[in-house]
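> Structure in structure tokens, see below.
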Amino acid sequence: MDVKHTTELPGGAPRARRARWPRAIACAGVVLAAFLLLSSGRVRLGCSSRHASKPSADAASCPQANPLVPKATGALWSELAALHTTPAFLARAVAQLSAAVKIPTETFDDMGPVGEDARWASHAPFVEHLAQAFPLVHQKLALQKVNTYGLIYTWQGSDATLKPLLLMGHYDVVPVAPLSVDQWTYPPYSGHFDGESVWGRGSSDDKSGVIGILTSIEVLLEKNFAPTRTVVLSFGFDEEVGGYQGAGYLGPALLERFGPDSFAMVVDEGSGYTDAFGAVFASPGIAEKGYVNVNVEVQTPGGHSSVPPAHTSIGILAAMIVHLEAHAPVPVLALGTPAFEMATCFGAHGPEMPHHLKRAISRAGKSEKARRRAEEMLLEDRMFRAVVGTTQAVDIVHGGVKSNALPEQAVAVVNHRIATQSSVNATITRDTELLLGLAARFNLSVSAYGQQLTPAEGAYGSLTLSTPLTLEPAPITPSDAAPFRLLAGTIRTAFQTARNGTQDVVVAPGMMTGNTDTRFNWALSQHIFRYGHDNQIGGNLHGIHTVNEHMSASNFVEMIIFFTTLILNADEAAL
1 MDVKHTTELP GGAPRARRAR WPRAIACAGV VLAAFLLLSS GRVRLGCSSR
51 HASKPSADAA SCPQANPLVP KATGALWSEL AALHTTPAFL ARAVAQLSAA
101 VKIPTETFDD MGPVGEDARW ASHAPFVEHL AQAFPLVHQK LALQKVNTYG
151 LIYTWQGSDA TLKPLLLMGH YDVVPVAPLS VDQWTYPPYS GHFDGESVWG
201 RGSSDDKSGV IGILTSIEVL LEKNFAPTRT VVLSFGFDEE VGGYQGAGYL
251 GPALLERFGP DSFAMVVDEG SGYTDAFGAV FASPGIAEKG YVNVNVEVQT
301 PGGHSSVPPA HTSIGILAAM IVHLEAHAPV PVLALGTPAF EMATCFGAHG
351 PEMPHHLKRA ISRAGKSEKA RRRAEEMLLE DRMFRAVVGT TQAVDIVHGG
401 VKSNALPEQA VAVVNHRIAT QSSVNATITR DTELLLGLAA RFNLSVSAYG
451 QQLTPAEGAY GSLTLSTPLT LEPAPITPSD AAPFRLLAGT IRTAFQTARN
501 GTQDVVVAPG MMTGNTDTRF NWALSQHIFR YGHDNQIGGN LHGIHTVNEH
551 MSASNFVEMI IFFTTLILNA DEAAL
């Protein structure tokens with residue numbers, strides 16, 4: 001895990017006319033740039049043909065991998081593709097997911113370490129259930145339990161020289177608020193199947209991923225498939241609260257066992273596919289934004305409020321908050337970033353993208369004027385701005401203990417999600433430089449991240465900046481390499497197979513604004529993807545993290561097709 005305290009402190013567009021623009025989709029607490037283009041702002045989905053452009057002649061700017069079907073195991077793949085479409089298999093898949101949903105595995109923000117907090121014991125029945133539900137998996141694959149509830153399954157391949165494939169997921173779920181239970185159509189842990197969808201907490205996030213992977217492997221084992229390339233599964237149990245007890249232990253265990261850069265590719269939960277600009281786009285996450293909370297603490301002398309100073313610690317802190325918000329980070333649509341790659345693919349393959357935007361995007365690589373024009377149009381949307389740039393949100397403020405006592409301390413917590421082209425150090429340095437002037441105005445000494453920047457002697461009070469936990473932006477996975485092409489070809493095959501070849505999907509590199517358990521595995525591979533092949537067409541988020549979470553049976557079966565095809569394709573690919 002590349003999370004650390006940061007102490008280094010180096011020295012440190014006109015608004016367009018209002019128009020119509022993107023809408024937004026969020027997934028398990030994470031927002032995908034590729035799917036933030038729903039309807040409000042400068043460009044709208046499904047805009048009229050009067051304003052839409054023709055399909056782009058610049059498709060080469062976002063090349064598409066051919067649909068990929070395994071050759072050596074082509075007969076097996078065809079047999080399984082036919083099996084997956086049968087009512088009997090759908091019933092089997094539904095039963096597997098429903099049974100998993102019936103076992104509550106809630107995690108809470110205040111949970112202590114495993115072995116000290118008794119609430120972790122709720123996970124044990126789920127682990128026991130997996131052994132019964134997937135007998136061949138537990139007979140043929142080696143299972144290593146890490147920190148009690150973390151699960152590493154190893155399906156040993158016949159060729160030890162090939163880097164393994166790592167598939168990830170998590171089986172913990174966000175809690176169901178007691179006051180919301182009566183708002184559910186079906187009880188949240190019923191696993192009820194209404195003939196179309198399985199209902200309940202975790203049915204989408206992320207038991208569908210865990211059960212989908214295990215079901216794929218169980219069926220492959222039933223068909224006597226033996227892999228050439230080793231397949232490793234890593235299932236965490238506390239992703240919803242940061243992953244520190246689960247993936248935080250699983251990642252180091254994998255690194256110790258396999259070594260750095262030891263996996264051909266890693267696929268964890270993430271985005272799926274949705275409709276935008278007259279096409280369907282799948283958007284594997286090739287990056288994640290960074291994260292830092294900056295604690296801004298002002299201390300001033302106390303006393304009785306009947307004799308107040310001109311500014312209390314709370315008043316000074318308020319001035320600092322206003323100053324930070326008045327000088328928020330300015331987002332930039334930089335060339336070569338995942339956000340720009342995504343926009344390029346939308347322009348190249350979205351027939352209903354307005355011509356003026358498509359033209360600006362297509363010329364941005366050669367013309368700074370065109371880049372600024374594309375940036376101006378895209379960043380008009382608040383959601384897209386949040387994806388592209390470093391964000392800033394003052395989320396917590398507290399100070400004072402009594403109405404007639406001057407507050408001696410006031411604290412604010414400023415949360416930043418850091419752009420892929422920036423860093424933790426650049427972000428906290430910017431905050432520091434913004435606040436130094438105000439600190440001088442109020443005669444405060446300044447200590448920033450363990451360094452005393454201005455003397456305390458003679459100061460009226462103090463300003464202390466600290467960062468309890470930081471996370472750099474994730475390394476960017478290359479989208480022009482064999483693993484991305486394999487994943488893209490697999491996505492297209494799974495999508496087409498589920499629709500009998502009648503529809504196609506465009507694969508565009510995407511990114512995450514939130515973080516997944518992959519942050520503990522950066523050292524394991526240069527090819528890390530966040531993608532779950534979830535059908536989000538029409539903005540359907542399946543009630544993730546709220547009432548009425550559900551997963552359609554057809555969507556779940558398509559996920560199984562995806563994982564099966566991915567395993568077989570990776571088994572014979574040169575990665």
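Here the UniProt record's numbering is used: the first residue of the sequence shown is 1, the next is one more, and so on. From the three backbone atoms N, C-alpha and C, an ideal C-beta is built for every residue, glycine too.
For Lys54, does the count of other Cβ atoms within 10 angstroms reach 16, so buried, or fall short, so exposed?
Taking the sequence shown and counting its residues from 1, the one referred to as residue 54 is at position 54. Caution is warranted here: a pLDDT of 47 is assigned to Lys54, below 50, making its placement in the model unreliable, and no coordinate value can be reported.
> Are the CB atoms of Val505 and Phe495 within a distance shorter than 7 angstroms?
Translated into positions along the sequence shown, residue 495 becomes position 495. Translated into positions along the sequence shown, residue 505 becomes position 505. Closer than 7 angstroms, so yes.
> Check this for me: beta carbons of Pro473 and Thr429, under 7 angstroms apart or not?
Walking along the sequence shown from the start, residue 473 turns up at place 473. Walking along the sequence shown from the start, residue 429 turns up at place 429. Their beta carbons are not under 7 angstroms apart, which means Pro473 does not touch Thr429 by this criterion.
> From which residue to which residue does the beta strand (DSSP E) around Ala481 run?
Taking the first residue of the sequence shown as 1, we reach residue 481 at position 481. First-last for Ala481: undefined, no H or E at that position.
> Exposed or buried, Gln299, counting other C-beta atoms within 10 Å across all chains shown (16 or more means buried)?
Within the sequence shown, numbered from 1, the residue matching residue 299 stands at position 299. Gln299 is buried by the Cβ-count criterion.
> Count the other CB atoms, across all protein chains shown, that sit within 10 Å of the CB of Leu179; report buried if there are 16 or more and exposed otherwise.
What you label residue 179 is simply residue 179 of the sequence shown in a count that begins at 1. Exposed, by the Cβ-count rule.
> Measuring only the C-alpha atoms, how far is Pro301 from Ser447?
Taking the sequence shown and counting its residues from 1, the one referred to as residue 301 is at position 301. Taking the sequence shown and counting its residues from 1, the one referred to as residue 447 is at position 447. Approximately 17 angstroms between the Cα atoms of the pair.
> Go ahead and pull the three-state DSSP assignment for Tyr186.
Start at 1 with the first residue of the sequence shown, and residue 186 comes out as number 186. Tyr186: coil per DSSP, three-state reduction.
> Note down, in chain order, each residue of its chain lying with its Cβ closer than 6 angstroms to the Cβ of Trp199, except the 5 sequence neighbours on either side.
Position 199 of the sequence shown, counted from the first residue, corresponds to residue 199. Contacts found: Tyr186, His192 and His550.
> Can you say whether Asp182 is buried or exposed, counting buried as having 16 or more other CB atoms within 10 angstroms of its CB?
By 1-based counting over the sequence shown, the position of residue 182 is 182. Flag for Asp182 reads exposed.
> Count Cβ pairs between the stretch 455–465 and the stretch 517–537 that sit closer than 8 angstroms; are there 3 or more?
Contact fails: fewer than three Cβ-Cβ distances are below 8 angstroms.
> Output the boundary residues of the alpha helix (DSSP H) element that contains Leu90.
Within the sequence shown, numbered from 1, the residue matching residue 90 stands at position 90. Looking at the DSSP string, the run of the alpha helix (DSSP H) that includes Leu90 is Pro87 to Val101.
> Could you tell me if His327 is buried or exposed, where buried requires 16 or more neighbouring beta carbons within 10 angstroms of its beta carbon?
As a working mapping, residue 327 is identified with position 327 in the sequence shown. The residue is exposed, with fewer than 16 neighbouring Cβ atoms inside 10 Å.
> Just to confirm before moving on: does the CB-CB distance between Phe346 and Leu524 stay below 7 angstroms?
Working through the sequence shown from its first residue, we reach residue 346 at position 346. Working through the sequence shown from its first residue, we reach residue 524 at position 524. Against a cut-off of 7 angstroms, the Cβ pair of Leu524 and Phe346 comes out as no contact.
> Classify Asn415 as helix, strand or coil using the three-state DSSP reduction.
Here residue 415 refers to the residue found at position 415 when the sequence shown is read from its first residue. Here Asn415 sits in strand by DSSP.
> With DSSP collapsed to three states, give me the class of Glu408.
On the sequence shown, residue 408 is found 408 positions in, with the first residue counted as 1. Coil.
> Helix, strand or coil for Ser305 per DSSP?
Position 305 of the sequence shown, counting from 1, holds the residue named residue 305. Ser305 falls in the coil class under three-state DSSP.
> Measure from the alpha carbon of Ser98 to the alpha carbon of each residue in Ala65, Lys207 and Thr427, then state which is nearest.
Stepping through the sequence shown from its first residue, residue 98 is reached at position 98. Checking every option, the nearest Cα to that of Ser98 belongs to Lys207.
> Nearest by alpha-carbon distance to Pro252: which of Met265, Val241 and Gly236 is it?
For the purposes of this step, residue 252 is taken as the residue at position 252 of the sequence shown. That would be Gly236, whose Cα lies nearest to the Cα of Pro252.
> Report, in whole angstroms, the separation of the C-beta atoms of His390 and Thr427, which I expect to be a contact under 8 angstroms.
On the sequence shown, position 390 is the one that residue 390 refers to. On the sequence shown, position 427 is the one that residue 427 refers to. The amino acid occupying residue 390 in the given sequence is Thr; His does not appear at that position. Sure, about 6 angstroms apart at Cβ, within 8 angstroms.
> Could you check if Val414 is buried or exposed, using at least 16 other CB atoms within 10 Å of its CB as the buried criterion?
For this step, residue 414 is matched to residue 414 along the sequence shown. Buried, since its Cβ has 16 or more Cβ neighbours within 10 Å.
> Under 7 angstroms, do Ala386 and Ala374 count as touching if we go by C-beta distance?
Sequence index remark: in the sequence shown, residue 386 carries index 386 (1-based). Sequence index remark: in the sequence shown, residue 374 carries index 374 (1-based). Cβ distance not < 7 angstroms, so Ala386 and Ala374 don't count as in contact.
> Does the distance from the C-beta atom of Ala65 to that of Gly489 stay below 7 angstroms?
By 1-based counting over the sequence shown, the position of residue 65 is 65. By 1-based counting over the sequence shown, the position of residue 489 is 489. Yes, Cβ-Cβ distance for Ala65 and Gly489 is below 7 angstroms.
> How should Gly115 be labelled, buried or exposed, when 16 other C-beta atoms within 10 angstroms of its C-beta is the threshold for buried?
The count along the sequence shown starts at 1 and reaches residue 115 at position 115. Per the 10 Å Cβ criterion, exposed.
> Please name the residue in Arg485, His416, Leu435 and His545 whose C-alpha comes closest to that of Leu469.
For the purposes of this step, residue 469 is identified with residue 469 of the sequence shown, where counting begins at 1. Ranking Arg485, His416, Leu435 and His545 by Cα distance to Leu469 puts His416 first.
> Distance, Cα to Cα, Ser423 vs Ala412?
If you number the sequence shown from 1, residue 423 lands on position 423. If you number the sequence shown from 1, residue 412 lands on position 412. Roughly 21 angstroms separates the two Cα atoms.
> In its own chain, which residues sit with a C-beta less than 7 angstroms from the C-beta of His138, not counting the 5 before and 5 after it?
Residue 138 sits at position 138 when you count from the first residue of the sequence shown. The answer, listed in chain order, is Ala131.
> Between Glu79, Val507, Ile103 and Asn293, which has its C-alpha nearest Asn224's C-alpha?
Here the question's residue 224 lines up with position 224 in the sequence shown. Here the closest residue by C-alpha is Glu79.
> Write down every uninterrupted run of the beta strand (DSSP E) in the UniProt domain "Peptidase M20 dimerisation" (286–427) whose length is 3 residues or greater and which is fully enclosed by it, in chain order.
Within the UniProt domain "Peptidase M20 dimerisation" (286–427), the complete beta strand (DSSP E) runs of at least 3 residues are 290–299, 391–399 and 409–418.
> Going along the chain, which residues of its own chain have a beta-carbon closer than 6 angstroms to the beta-carbon of Leu568, five neighbours each way excluded?
For this step, residue 568 is matched to residue 568 along the sequence shown. Here the set comprises Pro70, Thr73 and Trp77.
> What are the start and end residues of each continuous alpha helix (DSSP H) run of 4 or more residues lying completely inside the stretch 198–285, in chain order?
Runs found: 207–222 and 247–258.
> What does the alpha-carbon distance come out to for the pair Ala26 and His542?
Within the sequence shown, numbered from 1, the residue matching residue 26 stands at position 26. Within the sequence shown, numbered from 1, the residue matching residue 542 stands at position 542. The predicted model places Ala26 with a pLDDT of 31, which falls under 50 and marks its position as unreliable, so this point remains unresolved.
> List the whole-angstrom C-beta distance separating Val173 from Gly202, where the pair is believed to meet the contact cut-off of C-beta under 8 angstroms.
The count along the sequence shown starts at 1 and reaches residue 173 at position 173. The count along the sequence shown starts at 1 and reaches residue 202 at position 202. Their Cβ separation, rounded to whole angstroms, is 4 angstroms, which keeps Val173 and Gly202 in contact under 8 angstroms.
> So, at 6 angstroms on beta carbons, what are the nonlocal neighbours of Thr107 in its own chain, with the 5 sequence-adjacent residues on each side left out?
The count along the sequence shown starts at 1 and reaches residue 107 at position 107. Asp172, Asp238, Glu240 and Val241.
> What is the rounded straight-line gap between the Cα of Asp571 and the Cα of Ile491?
The sequence position of residue 571 within the sequence shown is 571, counting from 1. The sequence position of residue 491 within the sequence shown is 491, counting from 1. Asp571 and Ile491: Cα-Cα distance of roughly 16 angstroms.
> My understanding is that Tyr249 touches Gly150, with C-beta atoms under 8 angstroms, so please give their C-beta distance in whole angstroms.
In the sequence shown, the residue the question calls residue 249 occupies position 249. In the sequence shown, the residue the question calls residue 150 occupies position 150. Correct: roughly 6 angstroms between the Cβ atoms.
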